[in-house]
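**Q** Heads up, the sequence shown is in our numbering, so the first residue is 1 and it goes up one at a time.
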Amino acid sequence: MSRYIIHTFGCQMNKHDSERMAGLLEAAGHVRAPSNDEADIIVFNTCAVRETADDRLYGQVASLKALKTGGRPDVLIAVGGCVGQRDGERMLRELPHVDVVFGTHTIHELPSLLDAAASGRPLASVAEETDRFASDLPSVREHRWHAWVPITVGCDNHCSYCIVPYVRGPERSRRFEDVVTEVASLAADGVVEITLLGQNVNSYGRDRYGSPRFAQLLHAVADTGMQRIRFATSHPKDLSSETIEAFASIPSLMPYLHLPVQHGSNRILAAMNRGYTREQYLERIDRLRDVVPGIALSTDIIVGFPGETDDDFEQTLDLVERVAYDHAFTFIYSPREGTPAAVLTDAVPRDVAQSRFDRLATSVRSLSLASNERAVGEAVDCLVEGPSRRDPRVLSARTPHNRLIHVPLPVGETAAEHAGSVARILITGAHPWFLTGEFAAPPV
Ligand code: SAH
Ligand code: SF4
Ligand code: F3S
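(1) Is DSSP giving T436 helix, strand or coil here?
(2) Which residues have their C-beta within less than 6 Å of a heavy atom of the ligand SF4, listed in chain order?
(3) Please tell me whether M13 has its Cβ less than 8 Å away from any Cβ of chain B.
(4) In chain order, which continuous runs of the alpha helix (DSSP H) of length 4 or greater are located wholly inside the segment 311-388?
(5) To the nearest angstrom, how far is the alpha carbon of Y58 from that of D290?
(6) Is V49 near the ligand SAH, in the sense that its beta carbon is under 7 Å from a heavy atom of that ligand?
(7) Mapping DSSP to helix, strand and coil, what is E413?
(8) Whose CA, out of Q216, A53, V323, lies closest to the CA of V179?
(9) Where do the ends of the beta strand (DSSP E) carrying A46 lie?
(10) Considering only DSSP beta bridges, list what I151 is partnered with.
(11) By DSSP, does G445 sit in helix, in strand, or in coil?
(12) How many Å lie between E177 and E385 at the Cα?
(13) Using the DSSP secondary-structure output, state which residues sit across from H7 in a beta bridge.
(14) Using only CA atoms, which one of N202, H258, V192, I250 lies nearest to A222?
(15) DSSP state of V444, grouped into three classes?
(16) Look at the alpha carbon of G264 and the alpha carbon of A361, and state the distance between them as a whole number of angstroms.
(17) According to DSSP, simplified to helix, strand and coil, what is A58?
(18) Have a look at the DSSP bridge pairing and note the partners of R172.
In structure tokens:
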């Protein structure tokens, strides 16, 4: 028996994959360790989407060299996920203290790779593709009340800046029955909330001729009795009317949609190969708000794509204010080797990109605050997640609109008693990134 620790970077798909890695390792008899110092197996599940994520990984792994040379030579270091997929064997040469490199399609091999490496032979196993969905593997969920449920893997969109299609492979949909059966068994197992996952959930079923599409999947999943349903991510060009209407007809589908726009200028959207114009995007937003009044909206935005002018950037700002997002994730463009945009020469100078980014961040912050202020006075059913990160006497919960809310822990009660429960909370205060509230009487 060994003790393991997994460090997870990147998106929700990686969080899901890490839960499967933990499941595999525990099925092989290993137990979780609280820190690197107490672990015999250290796994990094990595992200390659931007340079900063990459750098952090190489830095962290390099710092473990000291652990190995300083008296614990038997510790096994494994690197998986999207950087493992991209770098494969090369990583073993560049980081000689790494023992195992695995990819996004070889998660199931992790225990056997570790066994082989334990006999002193570092090795890499990275496959181009697999028919196997990681969801078939055993799992140790981070929270007993929440589960990630992949419905597609890979991506066929090839946005010009994005490395994901190269490290996650072509898009493939999971069998409809397999998804529904898994959600039904999660509901029976006490899971309160699921998040359906895919790089573009809206294209679910496109690769399975005659099989149901995403909106039908949502209805079938809701019919299992699962209490709260969320999904990520939606590509605007594939957001169907049926999916929009599902928000109105399925009470358990939470009123929140993450709809990445990436940019506000048609010229840049075309250069990004996004497949829609700002007008088409805004039209989708209008339709959504007509059908689902009050739906919360968030987005991803890239600043400083090659060739972005001041005018292009103003159009991003204008779109953000027009939509009045409840939240936005903002990124400075990071060239990724092997993607079509990486060869573009008209780079935006770093300081220009940074000052545009700062202006956008200011706008996003005030919109988030305004959105949170509008929610004050409402009493809503929130899923309690556990103690807040800063203060053990405060509980963190999520509103249906995916807003983070802090509530004082009632005297004499523990956070563990509340974690995973759904409670009616009165929203009493607003800050840019969170709300404050208090427990209200349960609904009659
Ligand atoms: N499949 C999802 C998530 C993709 S990665 C989607 O299509 O929305 C998450 C976000 O990272 C993207 O939405 C994009 O905003 C950002 N991103 C991707 N590649 C990037 C790059 N090269 N530089 C900066 N941000 C990037
Ligand atoms: Fe990347 Fe575009 Fe696919 Fe999202 S839709 S993963 S941004 S290529
Ligand atoms: Fe990163 Fe891979 Fe997700 S590159 S964003 S962890 S699919």
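Note that CB positions come from ideal geometry on N, CA and C, so glycine has one too. Since this is a predicted model, take the numbers as computed values, not measurements.
**A** Walking through what the data contain:
(1) Note: T436 maps to strand in three-state DSSP.
(2) C155, N157, H158, C159, C162, V164, P165, Q199, N200, H235
(3) The structure shown has no chain B; it contains just one protein chain.
(4) Within the segment 311-388, the alpha helix (DSSP H) runs of at least 4 residues that lie entirely inside it are, in chain order, 350-375.
(5) 47 Å
(6) yes
(7) E413: coil per DSSP, three-state reduction.
(8) Nearest Cα to V179 within the set Q216, A53, V323: Q216.
(9) One detail in the question is off: residue 46 reads as Thr in this sequence, not Ala. Residues 41-46.
(10) The partner list for I151 (beta bridge, DSSP) is empty, contrary to what the question assumes.
(11) The chain is shown from 1 up to 444; residue 445 falls before or after that span and cannot be answered.
(12) 29 Å
(13) F44
(14) I250
(15) The predicted model places V444 with a pLDDT of 44, which falls under 50 and marks its position as unreliable; any figure quoted below should be read in that light. Coil.
(16) 15 Å
(17) A small correction: the amino acid at residue 58 is Tyr; Ala does not occupy that position in the sequence shown. Y58 sits in a helix when the DSSP states are folded into three classes.
(18) DSSP lists V153 as partners of R172.
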